[in-house]
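Peer 1:
In the numbering used here, the protein residues as written are 27 to 503.
(1) Round the Cβ separation of residue 135 and residue 185 to the nearest angstrom and send it over; I've been treating them as touching at under 8 Å.
(2) Give the single residue among 404, 371, 230 and 78 whose Cα lies nearest to the Cα of residue 259.
(3) May I ask you to list the residues that DSSP assigns as paired with residue 77?
(4) So what's residue 247 in DSSP terms, helix, strand or just coil?
(5) Nearest-angstrom Cα distance between residue 313 and residue 368?
(6) Which same chain residues, not among the five before or five after residue 335, have their C-beta less than 6 Å away from its C-beta?
(7) Just verifying my parser: in three-state terms, what is the DSSP assignment at residue 474?
(8) Is residue 66 helix, strand or coil by DSSP?
(9) Rounded to whole angstroms, what's the CA-CA distance from residue 438 to residue 145? Just pull it up for me.
(10) Out of 140, 164 and 210, which one is the CA nearest neighbour of residue 57?
(11) Report the option in 383, 457 and 347 whose CA atom is closest to the CA atom of residue 357.
(12) For the region 349-406, which segments carrying the alpha helix (DSSP H) assignment without a break, of at least 4 residues, lie completely within its bounds, in sequence order?
(13) Which one or two residues does DSSP pair with residue 239 in a beta bridge?
(14) Would you identify the three-state DSSP class for residue 260, choosing helix, strand or coil?
(15) Classify residue 421 as helix, strand or coil using the three-state DSSP reduction.
(16) Which residue marks the beginning of the beta strand (DSSP E) containing residue 497, and which one marks its end?
(17) In three-state terms, what does DSSP make of residue 128?
(18) For a quick check, are the C-beta atoms of residue 472 and residue 239 less than 8 Å apart?
(19) Which one of 139, 299, 412 and 403 has the shortest CA to CA distance from residue 183?
(20) Leaving aside the five residues before and after residue 200 along the sequence, list all residues of the same chain whose C-beta is less than 8 Å from its C-beta, in chain order.
(21) Could you work out which residue in 427, 447 and 198 is closest to residue 466 when comparing CA atoms only?
(22) Judging by CA-CA distance, which residue of 365, 302, 287 and 327 is the nearest neighbour of residue 338?
(23) Is there a C-beta anywhere in chain C that falls below 8 Å from the one on residue 31?
(24) Would you list the one or two residues that DSSP bridges to residue 307?
(25) Which one of 95, 403, 204 and 278 has the shortest CA to CA distance from residue 347?
(26) Residue 187 bridges to which residues according to DSSP?
(27) Quick one: give me the first and last residue of the beta strand (DSSP E) that residue 39 is part of.
(28) Name the two residues that bound the continuous alpha helix (DSSP H) containing residue 288.
(29) Is residue 393 buried or exposed, if buried means 16 or more other CB atoms sit within 10 Å of its CB?
(30) Over the uninterrupted beta strand (DSSP E) stretch that includes residue 177, give me the two end residues.
(31) Grab me the residues of residue 499's own chain with a C-beta within less than 7 Å of its C-beta, minus the 5 sequence neighbours each way, in chain order.
(32) Short of 6 Å in beta carbon distance, which residues of its chain neighbour residue 236, apart from the five on each side in sequence? Order them along the chain.
(33) Provide the residue(s) that pair with residue 20 in DSSP beta bridges, ordered along the chain.
(34) Touch check for the region 154-162 and the region 441-458: three-plus C-beta pairs under 8 Å?
(35) Just how far apart, CA to CA, sit residue 544 and residue 265?
(36) Helix or strand or just coil, what does DSSP make of residue 84?
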């Protein structure tokens, strides 16, 4: 079998992997880069591609150190997008129409009647973040928001306009990246193949022979943990979980000139509609945390999404034609934060765990990681997210339980749950959520606080989760 030597192997065919490969190869034409991966139920192909920083802000993200760092990283990524997009399109899409990837700006945030105090706090946090970071946020009359036709009892009560929050069509953007990569003679693409270490470097065993390199970047999304463990079982990296997400693209009931969205909601990025390059609406998205990636959407997630979209955004969607059902696994570090940068093993880099921020943050991640790999220059943007760092814990267990219980109550409100009024049932329901989560968290090993966005794992996959955390903590010790 043939043996080929290159400089860097990038494992992962999602937007982060493709962007890292492009940043490496375009920045150093003499650098030989191999991009290995396969298409599957990853996050990128199913993404809504809201390139917003403030739309994702919550009260919790502003009140905790690492939450603020994530907001600031998202703001910096937003600043880089116009130039990054121009560079990618110039490399591989010469002569393309300016709008062929659906890129535009404008987001409307809706605080509607199907909500909870959690939504109100996030709505206020967006206004506060705009003021603190100098980004345009304007409260407008809900009647002035375009293309919204909700049911009366689910109508928006307040609305924000974020004119600088951009968006694009994720599928078209991936095609733009493919075109750019295809234009670079120093990039080779291969199908997914076994990866191993040979003591002096890393070996990718393809059908056509082996490819060796002194450096490898594992950007395999929710599939990262087993790949890294196979390379070095003794390496202590934070486990990466999955957040299964379902969305749909539908024929347009009306022109959609901007993103429509609610504030972030229970375990998800809020209900949203994103204009697509072909004129359709992208409607998303559900979120269900899991220890391992799923392979297809759950019917309950599809039902919940469609009912929310028809009621809260536009009831004319009832006659819309389904164009595509999207499903993907968003990677998330078990402490709720990304894993990006060098590991303790020479030549091994990781870029994953970005949850909902991967596509938006991809220009920053790619440029900063490429600079570290090629020049050895540490990036202050990536430093907090080193893959071999100690678990980030901005929450006490009691704080995480209280926040997770609030998320459960918000989910019940959006699902239109109406508990009976006798016997103080509304308060009893809230107390029951708190008790359930307290019992579940008490079964987890000491020394690790599960973040609120992953709280369902504590009772849905309790034994497996406890085992994963225990093994990880034992390795750290």
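Ideal Cβ positions, reconstructed from N, Cα and C, are used throughout, including at glycine.
In this text, all values refer to a predicted model and were calculated from it rather than measured experimentally.
Peer 2: Straight from the coordinates:
(1) 7 Å
(2) 371
(3) 192
(4) helix
(5) 29 Å
(6) 309 and 343
(7) coil
(8) coil
(9) 13 Å
(10) 210
(11) 383
(12) 384-401
(13) 228
(14) coil
(15) coil
(16) Taken as a continuous stretch (DSSP letters only), residue 497 belongs to no beta strand (DSSP E), being part of the alpha helix (DSSP H) at 488-502.
(17) coil
(18) no
(19) 139
(20) 41, 44, 70 and 71
(21) 427
(22) 287
(23) Protein chains in the displayed structure number just one, and chain C is not present.
(24) 276 and 301
(25) 278
(26) 134 and 164
(27) Here residue 39 belongs to no beta strand (DSSP E), and DSSP marks it neither H nor E.
(28) First-last for residue 288: undefined, no H or E at that position.
(29) buried
(30) Here residue 177 belongs to no beta strand (DSSP E), and DSSP marks it neither H nor E.
(31) 471, 473 and 474
(32) 29 and 229
(33) Nothing can be reported for residue 20, as the shown portion of the chain is limited to 27 through 503.
(34) no
(35) This structure does not reach residue 544, given that the chain is present from 27 up to 503, and the question cannot be answered.
(36) coil
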